[in-house]
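Asker: Going by UniProt numbering, the first residue of the sequence shown is number 1, and it counts up by one from there.
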Amino acid sequence: MTTPLKIDFVSDVSCPWCVVGLYGLTRALDLLGDEVQAEIRFQPFELNPKMGPEGQNITEHITEKYGSTPEQSQQNREMIRARGAEVGFAFRTDGNSRIYNTFDAHRLLYWAGLEGLQFNLKEALFKAYFTEGGNPSDRVQLAQIAQGVGLDRQRAEAILASDEFAKEVREEEQLWLSRGVSSVPTVVFNGQYAVSGGQPVDTFVGAIRQIMSEAKGGRVS
Numbered sequence: 001m002t003t004p005l006k007i008d009f010v011s012d013v014s015c016p017w018c019v020v021g022l023y024g025l026t027r028a029l030d031l032l033g034d035e036v037q038a039e040i041r042f043q044p045f046e047l048n049p050k051m052g053p054e055g056q057n058i059t060e061h062i063t064e065k066y067g068s069t070p071e072q073s074q075q076n077r078e079m080i081r082a083r084g085a086e087v088g089f090a091f092r093t094d095g096n097s098r099i100y101n102t103f104d105a106h107r108l109l110y111w112a113g114l115e116g117l118q119f120n121l122k123e124a125l126f127k128a129y130f131t132e133g134g135n136p137s138d139r140v141q142l143a144q145i146a147q148g149v150g151l152d153r154q155r156a157e158a159i160l161a162s163d164e165f166a167k168e169v170r171e172e173e174q175l176w177l178s179r180g181v182s183s184v185p186t187v188v189f190n191g192q193y194a195v196s197g198g199q200p201v202d203t204f205v206g207a208i209r210q211i212m213s214e215a216k217g218g219r220v221s
């Protein structure tokens, strides 16, 4: 019997481990097949809410925020690149890449959720930034990306030119912060079970099977 599973995927557009986590999750769901009927909803989280429109060099940013050396940043990028390759995602960021403000991207994602195209837009935003070196705070690029997944470009431009969905995104951000989410990705199953970090496929498979078993009142041996 297929078990319904509600998944809240709390993440940021500029978070590489969110990419690794999402692709690990979707591969796990593919492996589980008919065992589970999953509904994924992306929830907003801004790693750098005060980032200016010009962005910041990624190596400089990581050094300032975490105290990492350029060598450590490079090692981390290589590890992320390898983890991405394991799940079929191409990371092409380097030491000259930039970190950007992602609030407008989250507003578009909220709208895309109303239109039934949120997953498509999230995936396209990840690829635009991490694979193609795009700027997720550039409104022209955002409108193009939205159009590319089947959303109305003029509507996207109108949203970006206004403050539409800003209140809703802020409220969702505060909701997840109030629930204790302080890092991303955080994947919440059925509103009560959380898995944090860019976990591998088998971790998600095991977690989902455990959750399904508990939902049925059984146990996983």
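We put the CB at the ideal spot given by N, CA and C, even for glycine.
Rounded to whole angstroms, what is the Cα-Cα separation between R77 and S137?
Answerer: So the two alpha carbons sit approximately 22 Å from each other.
Asker: Since P44 and V169 are thought to touch, with beta carbons under 8 Å apart, how far apart are those beta carbons, to the nearest angstrom?
Answerer: That pair is a contact at about 5 Å.
Asker: Flag this pair as yes or no: are the beta carbons of A124 and A143 separated by less than 8 Å?
Answerer: Not closer than 8 Å, so no.
Asker: For residue 227, which residues does DSSP report across the bridge?
Answerer: Since the displayed the chain opens at 1 and closes at 221, residue 227 lies outside it and no answer follows.
Asker: So the alpha helix (DSSP H) S196 belongs to, where does it begin and stop?
Answerer: No alpha helix (DSSP H) contains S196, which is instead part of the beta strand (DSSP E) from 193-196.
Asker: Can you look up P16 in the DSSP assignment and give me helix, strand or coil?
Answerer: DSSP places P16 in helix when its eight states are reduced to three.
Asker: Closer than 8 Å by C-beta to Q141: which residues in its own chain qualify, once you throw out the five before and the five after it? Chain order, please.
Answerer: Only A128, G134, N135 meet the Cβ criterion.
Asker: Rounded to the nearest angstrom, how far is the Cβ of T93 from that of S73, given a contact under 8 Å?
Answerer: Their Cβ separation, rounded to whole angstroms, is 10 Å, which puts T93 and S73 out of contact at 8 Å.
Asker: Terminal residues of the continuous alpha helix (DSSP H) containing F119?
Answerer: First-last of the alpha helix (DSSP H) with F119: 118-126.
Asker: Does the distance from the C-beta atom of E115 to that of L151 stay below 8 Å?
Answerer: Going by C-beta atoms, E115 is nearer than 8 Å to L151.
Asker: So is A90 buried or exposed if we call it buried at 16+ other beta carbons inside 10 Å?
Answerer: Burial call: exposed.
Asker: Exposed or buried, which one is T102 when buried takes at least 16 other CB atoms within 10 Å?
Answerer: Per the 10 Å Cβ criterion, buried.
Asker: For T186, report the span of its beta strand (DSSP E) as first-last.
Answerer: Start and end: 186-189.
Asker: Taking the straight line between their C-alpha atoms, what separation do you get for L160 and Q154?
Answerer: Looking at the two C-alpha atoms, the distance is approximately 10 Å.
Asker: Specify, as a first and last residue, the run of the alpha helix (DSSP H) that G113 falls within.
Answerer: Per DSSP, G113 belongs to the alpha helix (DSSP H) from 103-114.
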